[in-house]
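As C-alpha cells, the structure follows; a few thoughts come after it.
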Amino acid sequence: MPLGMRQRLSLAVAMVHKPELLILDEPTSGVDPVARDDFWRLMIALARNDRVTIFISTHFMNEAARCDRISLMHAGRVLASAAPAELVRLRGAATLEDAFIGYLSDAQHADADGAEGAGGAAADAPPDAGWLAAPLA
C-alpha cells in the first residue's frame, strides 16, 4: 500500500473512537500536495468544530504555520513556544523558518557557552502556563 494511503488509513483508524486528543508524528510525509491540503483542512475542522486537541510533529514550517500554537524544539528541548506569527514577531524574522533558525542558533551558542535557555520567547513555561512535561523513556 502506498505511503499516502497508509497515512490516510492511520488517521481514519485514529478517529474511529472520536478521541479528544490526537498525537500525530509527521502525518503528511509521503503525501501528495492535494492530500496534504485535504489533511490540513480536516485537522482544522476537527480542532474548530469537534474541539479535538491535536499535537503534530512536523519539519515543514509551512505546516507549522497553520497551527494555533507551536513549540520549536531541538534535541528534546523547547526553544520557544507561541503562536507562529508571534514567534516570527518576537524574533524580528521574515518567516517562521528564519525565526526557527534564529532560536536554534541561540540555543547552539548557549550550549557552546554552557548556558541554559535560548532567549527570545520563553523557553521554560511558567508553572501556571497549562503545560505538562512528561519524560519519554
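In terms of the working numbering, the sequence shown has 109 at position 109, counting the first letter as 1, and numbering is strictly consecutive.
Beta carbons: idealized from backbone N, C-alpha and C, even for Gly.
1. Could you check whether the stretch 46-59 touches the stretch 76-91, counting it as contact only if at least three pairs of C-beta atoms, one from each stretch, sit closer than 8 Å?
2. Using 8 Å as the Cβ pair cut-off and three pairs as the minimum, do the stretch 41-49 and the stretch 73-85 touch?
3. Beta strand (DSSP E) containing His74: first to last residue?
4. Taking only the alpha-carbon atoms, compute the straight-line gap between Asp25 and His17 and give it to the nearest angstrom.
5. For Ile183, which beta-bridge partners are listed by DSSP?
6. Is it buried or exposed, Ser71, if we count other Cβ atoms within 10 angstroms and call 16 or more buried?
7. What first and last residue would you give for the alpha helix (DSSP H) that runs through Ala82?
8. So, at 7 Å on beta carbons, what are the nonlocal neighbours of Gly102 in its own chain, with the 5 sequence-adjacent residues on each side left out?
9. Quick check on Asp124: does DSSP put it in helix, strand or coil?
Taking the geometry as given:
1. Cβ pair count under 8 Å is below three, so no.
2. Contact fails between the stretch 41-49 and the stretch 73-85, because fewer than three Cβ pairs, one in each stretch, are under 8 Å apart.
3. Unbroken beta strand (DSSP E) run through His74: Ile70 to His74.
4. Straight-line Cα distance between these residues: approximately 19 Å.
5. Outside the shown range of the chain (1 to 137) lies residue 183, about which nothing can therefore be said.
6. Burial call: buried.
7. Counting along the chain, Ala82 falls outside any alpha helix (DSSP H), though it belongs to the beta strand (DSSP E) covering Arg77 to Ala82.
8. Apart from sequence neighbours up to five positions away, the residues of its chain that approach Gly102 with a beta-carbon distance below 7 Å are Arg91 and Ala93, ordered along the chain.
9. With a pLDDT of only 47 at Asp124, under 50, the local geometry of the prediction cannot be trusted, and no value is derived from it.
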